[in-house]
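Asks:
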Amino acid sequence: MQTTTAQGGNNLDPWYHHYADRAAGLKASEVRALFAVASRPEVVSLAGGMPYVAALPQELVIDAMDRVMRQKGATALQYGSGQGVPLLREQILDVMALEGIKANADDVVVTTGSQHALELVSKLFLNPGDVVISEGPSYVTAMVIFKSYQAEVDHVPMDENGLIPAALIEHIAALKAAGRTIKFLYTIPSFHNPAGVTLSWARRLEILEICRSNNILVLEDNPYGLLYFDKPAPDAIRSLERDGVVYLGTFSKTLAPGFRVGWALAPHAIREKLVLANEAAVLSPSSFTQMVISEYLSTADWKAQVNTFRGVYHERKNAMLGALDEYLPDLSWTNPTGGFYVWVTLPERLDSKAMLPRAVKELVAYTPGTAFYADGDGRQNMRLAFCYPTPDNIRLGIRRLATVIRGELDLLDTFAGTGPLGAVPDRPGTQNQRFGGPPANIS
Ligand SMILES: Cc1ncc(COP(=O)(O)O)c(C=O)c1O
Numbered sequence: 051m052q053t054t055t056a057q058g059g060n061n062l063d064p065w066y067h068h069y070a071d072r073a074a075g076l077k078a079s080e081v082r083a084l085f086a087v088a089s090r091p092e093v094v095s096l097a098g099g100m101p102y103v104a105a106l107p108q109e110l111v112i113d114a115m116d117r118v119m120r121q122k123g124a125t126a127l128q129y130g131s132g133q134g135v136p137l138l139r140e141q142i143l144d145v146m147a148l149e150g151i152k153a154n155a156d157d158v159v160v161t162t163g164s165q166h167a168l169e170l171v172s173k174l175f176l177n178p179g180d181v182v183i184s185e186g187p188s189y190v191t192a193m194v195i196f197k198s199y200q201a202e203v204d205h206v207p208m209d210e211n212g213l214i215p216a217a218l219i220e221h222i223a224a225l226k227a228a229g230r231t232i233k234f235l236y237t238i239p240s241f242h243n244p245a246g247v248t249l250s251w252a253r254r255l256e257i258l259e260i261c262r263s264n265n266i267l268v269l270e271d272n273p274y275g276l277l278y279f280d281k282p283a284p285d286a287i288r289s290l291e292r293d294g295v296v297y298l299g300t301f302s303k304t305l306a307p308g309f310r311v312g313w314a315l316a317p318h319a320i321r322e323k324l325v326l327a328n329e330a331a332v333l334s335p336s337s338f339t340q341m342v343i344s345e346y347l348s349t350a351d352w353k354a355q356v357n358t359f360r361g362v363y364h365e366r367k368n369a370m371l372g373a374l375d376e377y378l379p380d381l382s383w384t385n386p387t388g389g390f391y392v393w394v395t396l397p398e399r400l401d402s403k404a405m406l407p408r409a410v411k412e413l414v415a416y417t418p419g420t421a422f423y424a425d426g427d428g429r430q431n432m433r434l435a436f437c438y439p440t441p442d443n444i445r446l447g448i449r450r451l452a453t454v455i456r457g458e459l460d461l462l463d464t465f466a467g468t469g470p471l472g473a474v475p476d477r478p479g480t481q482n483q484r485f486g487g488p489p490a491n492i493s
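Residues 51 to 493 in the working numbering are what the sequence shown spells out, letter by letter.
Rendered as structure tokens:
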């Protein structure tokens, strides 16, 4: 039982009533406790989006660190610029050029991971009650930030080619008619987290045009763009437009997340404010990790390393889709051409969130679709991450998942008094259809 304290808090948190309103958005997800169990070694976790850093030879990092410390140790251990190390900002231009972006190093701001860039952009733009338009589903921890600034997320549906332009137009019109203030479109165009789909080139042009004509800033988040399997994703939206796009990149997936180095590329005026916000938040991003990455980019064959990562993730994606075909042929799922994630649509009567405890008991974990919607949608979906487990473990995990789903359907059939126990098929005629079968979107 909770009791109230003299300060007006409760016995769980005596400061409960002292928090700012914006702290109300900072809640542990309901499935967090389960994920603690899911991190046990006997559980195959298809839940987390952890890069497979074991594919990065540690020697490469050790050598870079060694040289930085011997040659520039005093600078590396010192506070640095609030905008980031100049040489690294130049090198970031080479990374972005691979996705068609031409820019000036002066417009790059290095941040503590792209997560921190998301936080800074939100801090600059969001007032309580503002609206952020995003894909539905969307990256969970971006939505946590938007909500912490008391903004609302409006989800626009996707199909297998990404965000649907006609739906975007409808949503903008409806929001405007309701007198709402739209601050930006938050989008992950390439190898989407969690949906695994990629926005086509034609749609990139269309969506940019829609945002331009409605005076809406585009916040393009692109952590996975270089991790394609067979062919590159279309060039970044930022390659088409300089003034209306804030672009976010990171070394977390192409190198390692432990460095916590990402960046924002912003129109000049926004860039100035971002630097001030960065300084206010962290004084300067870590000189040490920036200089180690800079040294690594100067001396190692980093493009070959990105290729190695691509190979690893491609093999794992194939293992996951192969296992889904074999063990769960009546479900539908997206077919990512890069990145880390597959988005699965379950038979209508299943609830991925309710099913998770049973899955963890069967030693497999996934992320329920509800985590990726601000409005509680997504019960019929789950995100499966293929980035971290080995191909054998992925197959084992999907086999276990099939047992869980079969058990859940049996249970439902038993209580509904229908039919025999045992069969997975629930929706005949949707075999192997990608991306949800009917309906054609995942909203
Ligand atoms: C879509 C998206 N944006 C941003 C991030 C944050 O990445 P980082 O802060 O490690 O650069 C992630 C991490 O998984 C992500 O998936």
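Idealized CB from N, CA, C, for every residue including glycine. All figures in this text were calculated on a predicted structure; none of them were measured in a lab.
1. Would you kindly check if the distance between the Cβ of Leu396 and the Cβ of Leu413 is under 9 angstroms?
2. What's the gap between the Cα of Phe234 and the Cα of Gly186?
3. Between Ala192 and ligand 1, is there a pair consisting of the residue's CB and a ligand heavy atom that are separated by less than 8 angstroms?
4. Let me have the residue list for ligand 3: C-beta closer than 6 angstroms to any non-hydrogen atom, ordered along the chain.
5. Mind checking which residues open and close the alpha helix (DSSP H) that includes Lys226?
6. Under a three-way DSSP split, which group does Val206 fall into?
7. Applying the 10 Å Cβ sphere with the 16-neighbour rule, what's the burial state of Ser263?
8. May I have the straight-line CA-CA distance separating Ser172 from Phe196, to the nearest angstrom?
9. Are Asp271 and Ser336 touching if we call contact CB-CB under 9 angstroms?
10. Under 6 angstroms Cβ to Cβ from Thr358, same chain only, skipping five residues before and after it: list those, please.
11. If you run the structure through DSSP and keep just helix, strand and coil, what is Met193?
12. Which complete alpha helix (DSSP H) runs does the region 135-185 hold, if anything under 4 residues is left out?
13. Phe85 by DSSP, collapsed to three states: which one?
14. Below 9 angstroms between beta carbons: does that hold for Tyr283 and Leu298?
15. Output the distance between the C-alpha atoms of Glu149 and Ile287, rounded to the nearest integer angstrom.
16. On the criterion of 16 or more Cβ atoms from any shown chain inside 10 Å, does Ile108 qualify as buried, or is it exposed?
17. In chain order, which continuous runs of the beta strand (DSSP E) of length 3 or greater are located wholly inside the region 367-410?
18. Just the Cα atoms here: how many angstroms apart are Asn443 and Asp351?
19. Closer than 6 angstroms by C-beta to His68: which residues in its own chain qualify, once you throw out the five before and the five after it? Chain order, please.
20. Where does Asn60 sit, in a helix, a strand or coil, going by DSSP?
21. Pull up the distance between the alpha-carbon of Pro418 and that of His205, whole angstroms please.
22. Apply the 10 Å Cβ neighbour rule to Asn265 and answer buried if 16 or more other Cβ atoms are within range, or exposed otherwise.
Replies: Let's see:
1. no
2. 15 angstroms
3. yes
4. Inclusion of ligand 3 in the displayed structure is not the case, the ligand content consisting of ligand 1 alone.
5. Pro215 to Ala227
6. strand
7. exposed
8. 7 angstroms
9. no
10. Result list for Thr358: Ala105, in chain order.
11. helix
12. 136-147 and 163-175
13. helix
14. Looking at the sequence itself, residue 283 is Ala, so the reference to Tyr does not match. Result no, Cβ atoms of Ala283 and Leu298 do not sit closer than 9 angstroms.
15. Distance between the alpha carbons of Glu149 and Ile287: 9 angstroms.
16. Residue 108 is actually Gln in this sequence, not Ile. Per the 10 Å Cβ criterion, exposed.
17. 391-395
18. A direct Cα-to-Cα measurement between Asn443 and Asp351 gives close to 30 angstroms.
19. None.
20. Three-state result, Asn60: strand.
21. 17 angstroms
22. Its Cβ having fewer than 16 others within 10 Å, Asn265 is exposed.
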